[in-house]
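**Student:** Here it is: the structure, laid out below.
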Amino acid sequence: MTEITRTSARRPERPQFRATRLPALGLLAAIALLHGCSRSAGVAPGVRLDTPTDADEVGLVRLAERPAAGSSDDADAAAKTEAPTGGYDLVLTGGRVIDPDSGLDATRDVAIEDGHIAAISPEPLVGRETLDVSGLVVAPGFIDLHSHSPTPLGQHYQLLDGVTTALELEAGAYPVEQFATDLQGRALLHHGTSVGYGSIRLEVKSGIRRPHILSEPMEPLGLRGYWTAARSLFTTPNEVFVERSTPAERDRLRARLHDGLDQGGLGIGLPLDYFSEAIDDAELEMVFEVAAERRVPLFIHVRRGVNGDPAGLREVLTLARRTGASIHICHIQHNAMRNTALFLAEIRAARAEGVDVTTELLPYNAGSAPISSAVFARDWRTIFDIDYGDVEWAATGERFDENTWNEYRARFPEGQVIHHYVDEQWTRTALREPGVLVVSDLLPMVAPDRKVAPHNGAFSRVLGRYVREKGVLSLSEALGRMTILPARRLESAFPVFRRKGRVQVGADADLTVFDPETIRDRASYQDPFQGSDGIAHVVVGGQIVVRDGTRVPGAFPGRSLVTLASPGPAR
């Protein structure tokens, strides 16, 4: 269990709500749904958002000769192609290039032209700009499938952890086209979202539109929405979390899922555990049917029972077998707990049967969620096998007792808590399992005075702690969990990812350059707003965004991938 320095208790100010935010709408506090990522952590909302400022030896290979990453056009013909007049846009010289997809691990020059990798050569290449990366690793940019922080501040700190693509896939958003509006014109990273089933269910059951957990103000839709808003002045409407859907409502839920996929949603985000009381077999099967019909993956936070109960995993594996849907299980050790090895074995067996199922881990031994989350209304101390003192108030580090716990749940439902319940051995077991992806599960970073769990150091933490210090994984294997495996999870449904997660001619020029001897995470529970050590340079879309460990001012090359995605056809 992670050691936390106890800080002096500081009672948070009572949040002040404006009428336009639907006062006291506790279901929207809980709409932190989605891993609990609420906007508030026990401090008043409304603080402004701040931002700190192949493996072959063919030699010179041109982009024009290989239109798709990993294709196998004639190598001799490609090698004869000359470099552009005056050289390539950018050349990284003398680095140790590691491409987990092809197995390349050798000293190479890498040339970039028009946002793509244009050449990889053991011989020197000429560029209009040259960056000496001798002694450093040149890897594909890290792809995070599980980040809840599409904010300027969140992107800043993920960039300093080597991330070039950050996706909101567990929680998602709906309408998809309203996702990450704060990033328009100032995105550091590529970003995108799944279709958020929680937001869809909120619309259908309560008449409230909240596209993403960061969306404010929330919009009442029709009479139902205004009635929910009026009720929220006197009580906490919670039908979205406890009421079963009717056949007519399931039809509306289904229609919105299709609509979100038509808008470019990267699969379907299903935080099922937060709706355990509400979603019955018929509704859950409907969601799986849509995913199968559209040939897109489901990203699922499975229902969680008592510590180690596999029933939630078995439920979704059974539906995947029956419907043919592709599924991805979120944060495996945080759901499996003491039965992490069993969960992994059952996923392995399902894959052997032909089920398209993958999973992930975040390299931290704690969870984070709103104090109003559904799980905390159940017997959470038995579920997690912890007590009040194992939970802290994220904003201050204050540890709870029973009295303060009950007080804060009643007064500050949107506040974030960090609960320390994961055993280090469970995390190592998941890391050793072939095919398990690495993610951050970063909660929304909205302002420097609002602390969150320090997941913005996730990728450097794996490379520093678990590769270099503990030897749990090889460097190439760890990089694969962060690059090619996330790309493969998405590329069959969304072709844009066929050019990501690779250092190959024709691939997108998203690259992370780091020192394997010094890389480590610095973010902590006491001070999450810190960049990682050892990240030397980051290239996004062919543009240098981090140089010598420092962000390049005015560089905003990130693009919305939902506008580039192409959902799979209906069967």
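Quick note, the sequence shown lines up with residues 1 to 571 if you use my numbering.
All C-beta atoms, glycine included, are put in the ideal place defined by N, C-alpha and C.
1. Pull up the DSSP beta-bridge partners for Glu392, would you.
2. Just mark Asn406 as buried or exposed, buried being the case when its beta carbon has 16 or more other beta carbons within 10 Å.
3. Roughly how many whole angstroms lie between the Cα atoms of Ala119 and Arg551?
4. Just the C-alpha distance for Phe384 and Tyr421, rounded to the nearest angstrom, thanks.
5. Quick one: what does DSSP say Leu270 is sitting in, helix, strand or coil?
6. Tell me the rounded alpha-carbon separation between Val546 and Gly154.
7. On the DSSP bridge list, what partners appear for Gln543?
8. Please return the same chain residues whose Cβ sits closer than 6 angstroms to the Cβ of Arg224, not counting the five positions on each side in sequence.
9. Taking all protein chains shown into account, decide if Pro122 is buried (16 or more other Cβ within 10 angstroms of its Cβ) or exposed.
10. For Ser372, name the three-state secondary structure that DSSP assigns.
11. For Ile383, does the three-state DSSP call read helix, strand or coil?
12. Just the C-alpha distance for Ala555 and Ile544, rounded to the nearest angstrom, thanks.
13. At what residue ranges does the region 97 to 137 contain a whole run of the beta strand (DSSP E), taking only runs of 3 or more?
14. Report yes if the C-beta distance between Ile200 and Leu261 is below 8 angstroms; otherwise report no.
15. Can you find the residues in the same chain that come closer than 6 angstroms, C-beta to C-beta, to Ala68, ignoring five residues on each side of it along the sequence?
16. Short of 8 angstroms in beta carbon distance, which residues of its chain neighbour Arg321, apart from the five on each side in sequence? Order them along the chain.
17. Would you please state the rounded distance, in angstroms, between the beta carbons of Asn335 and Val302? I believe it to be under 8 angstroms.
18. Going by CA-CA distance only, name the one from Leu475, Gln178, Ile327 and Gly558 that's closest to Phe459.
19. For Glu243, which three-state DSSP category applies?
20. Would you mind reading off the limits of the beta strand (DSSP E) that contains His328?
21. Return the residue from the list Glu414, Gly367 and His419 that minimises the CA-CA distance to Asp387.
22. Could you tell me the distance, in whole angstroms, from the CA atom of Leu499 to the CA atom of Leu169?
23. Would you decide whether Leu233 is buried or exposed? Buried here means 16 or more other CB atoms lie within 10 Å of its CB.
24. I need the straight-line Cα distance from Ile535 to Gly549, nearest angstrom please.
25. For Leu233, which of helix, strand or coil comes out of DSSP?
26. For the putative contact between Val539 and Arg481, defined by C-beta atoms under 8 angstroms, what is the C-beta separation to the nearest angstrom?
27. By the DSSP assignment, the beta strand (DSSP E) with Ile300 in it spans what residues?
28. What's the C-alpha gap between Ala395 and Lys451?
29. For the region 182 to 221, which segments carrying the alpha helix (DSSP H) assignment without a break, of at least 4 residues, lie completely within its bounds, in sequence order?
30. Assuming Trp393 and Val375 make a contact with CB atoms under 8 angstroms, what is their CB distance in whole Å?
31. Going by DSSP, what residues sit across from Pro444 in a beta bridge?
32. Short check: CB of Ala180 to CB of Pro217, under 8 angstroms?
33. Could you have a look at Thr427 and say whether DSSP puts it in helix, strand or coil?
34. Compute the Euclidean distance between the alpha carbons of Leu319 and Gly269, then round it to the nearest angstrom.
35. Over the uninterrupted alpha helix (DSSP H) stretch that includes Val163, give me the two end residues.
36. Under the three-state reduction of DSSP, which class applies to Arg450: helix, strand or coil?
**Tutor:** So, to answer that:
1. Translated into positions along the sequence shown, residue 392 becomes position 392. In DSSP, Glu392 forms a bridge with Arg399 and Ile418.
2. On the sequence shown, position 406 is the one that residue 406 refers to. Burial call: exposed.
3. Start at 1 with the first residue of the sequence shown, and residue 119 comes out as number 119. Start at 1 with the first residue of the sequence shown, and residue 551 comes out as number 551. Distance between the alpha carbons of Ala119 and Arg551: 26 angstroms.
4. Translated into positions along the sequence shown, residue 384 becomes position 384. Translated into positions along the sequence shown, residue 421 becomes position 421. In a straight line, the C-alpha of Phe384 is about 6 angstroms away from that of Tyr421.
5. The residue you call residue 270 lines up with position 270 of the sequence shown. DSSP places Leu270 in strand when its eight states are reduced to three.
6. Your numbering for residue 546 matches position 546 in the sequence shown. Your numbering for residue 154 matches position 154 in the sequence shown. Whole-angstrom Cα-Cα distance: 15 angstroms.
7. In the sequence shown, the residue the question calls residue 543 occupies position 543. In DSSP, Gln543 forms a bridge with Val540.
8. Residue numbering aside, residue 224 sits at position 224 when the sequence shown is read from its first letter. So the list reads Gly207, once near-sequence residues are dropped.
9. Residue mapping note: residue 122 aligns to position 122 of the sequence shown, counting from 1. Exposed, since its Cβ has fewer than 16 Cβ neighbours within 10 Å.
10. For this step, residue 372 is matched to residue 372 along the sequence shown. Correct three-state label for Ser372: coil.
11. Your numbering for residue 383 matches position 383 in the sequence shown. Reduced to three states, the DSSP call for Ile383 is helix.
12. Here residue 555 is taken as the residue at index 555 of the sequence shown, counted from 1. Here residue 544 is taken as the residue at index 544 of the sequence shown, counted from 1. In a straight line, the C-alpha of Ala555 is about 8 angstroms away from that of Ile544.
13. 104 to 113, 116 to 121 and 130 to 132
14. Indexing the sequence shown from 1 puts residue 200 at position 200. Indexing the sequence shown from 1 puts residue 261 at position 261. No, Cβ-Cβ distance for Ile200 and Leu261 is not below 8 angstroms.
15. Translated into positions along the sequence shown, residue 68 becomes position 68. Only weak support is given to the placement of Ala68: the predicted model assigns it a pLDDT of 40, under 50, and the value that follows is read from those uncertain coordinates. Counting only Cβ-Cβ distances below 6 angstroms, and skipping sequence neighbours, we find Gly506.
16. As a working note, residue 321 is residue 321 in the sequence shown. Once the five neighbours on either side are set aside, the close Cβ partners of Arg321 are Ala350, Glu353 and Val355.
17. Counting from one through the sequence shown, the residue named residue 335 turns up at place 335. Counting from one through the sequence shown, the residue named residue 302 turns up at place 302. Between Val302 and Asn335 the Cβ distance is about 6 angstroms, and since that is below 8 angstroms, they are a contact.
18. Stepping through the sequence shown from its first residue, residue 459 is reached at position 459. Checked all of Leu475, Gln178, Ile327 and Gly558; the closest Cα to Phe459 is Leu475.
19. As a working note, residue 243 is residue 243 in the sequence shown. The answer is coil: DSSP assigns Glu243 none of H, G, I, E or B.
20. Here residue 328 is taken as the residue at index 328 of the sequence shown, counted from 1. Here the beta strand (DSSP E) through His328 covers Ser326 to Ile329.
21. Stepping through the sequence shown from its first residue, residue 387 is reached at position 387. Per the Cα distances, His419.
22. Along the sequence shown, one-based indexing puts residue 499 at 499. Along the sequence shown, one-based indexing puts residue 169 at 169. In the sequence as displayed, the identity of residue 499 is Arg instead of Leu. The alpha-carbon atoms of Arg499 and Leu169 are separated by roughly 19 angstroms.
23. Here residue 233 is taken as the residue at index 233 of the sequence shown, counted from 1. Result: exposed.
24. Within the sequence shown, residue 535 is the residue found at index 535, counting from 1. Within the sequence shown, residue 549 is the residue found at index 549, counting from 1. Approximately 6 angstroms, taken between the alpha carbons.
25. If you number the sequence shown from 1, residue 233 lands on position 233. Leu233: coil per DSSP, three-state reduction.
26. Along the sequence shown, read from residue 1 onward, the residue named residue 539 stands at position 539. Along the sequence shown, read from residue 1 onward, the residue named residue 481 stands at position 481. Val539 to Arg481, Cβ: 20 angstroms. No contact.
27. As a working mapping, residue 300 is identified with position 300 in the sequence shown. It spans Pro297 to Ile300 - the beta strand (DSSP E) in which Ile300 sits, taken as one unbroken run.
28. Position 395 of the sequence shown, counted from the start, is the residue given in the question as residue 395. Position 451 of the sequence shown, counted from the start, is the residue given in the question as residue 451. Cα-Cα distance, rounded: 5 angstroms.
29. 197 to 206
30. Along the sequence shown, one-based indexing puts residue 393 at 393. Along the sequence shown, one-based indexing puts residue 375 at 375. Not quite, the Cβ-Cβ distance comes to about 17 angstroms (not below 8 angstroms), so this is no contact.
31. Reading the sequence shown from its first residue, position 444 is the one you call residue 444. Paired residue(s): none; Pro444 is not in a bridge.
32. Locating residue 180 in the sequence shown gives position 180, where the first residue counts as 1. Locating residue 217 in the sequence shown gives position 217, where the first residue counts as 1. Not a contact, by the Cβ cut-off of 8 angstroms.
33. The residue given as residue 427 occupies position 427 in the sequence shown. Reduced to three states, the DSSP call for Thr427 is helix.
34. Along the sequence shown, one-based indexing puts residue 319 at 319. Along the sequence shown, one-based indexing puts residue 269 at 269. Spanning the two alpha carbons is a distance of roughly 16 angstroms.
35. Reading the sequence shown from its first residue, position 163 is the one you call residue 163. No alpha helix (DSSP H) holds Val163; the beta strand (DSSP E) holding it covers Val163 to Ala173.
36. Indexing the sequence shown from 1 puts residue 450 at position 450. In this structure, Arg450 counts as coil in the three-state DSSP scheme.
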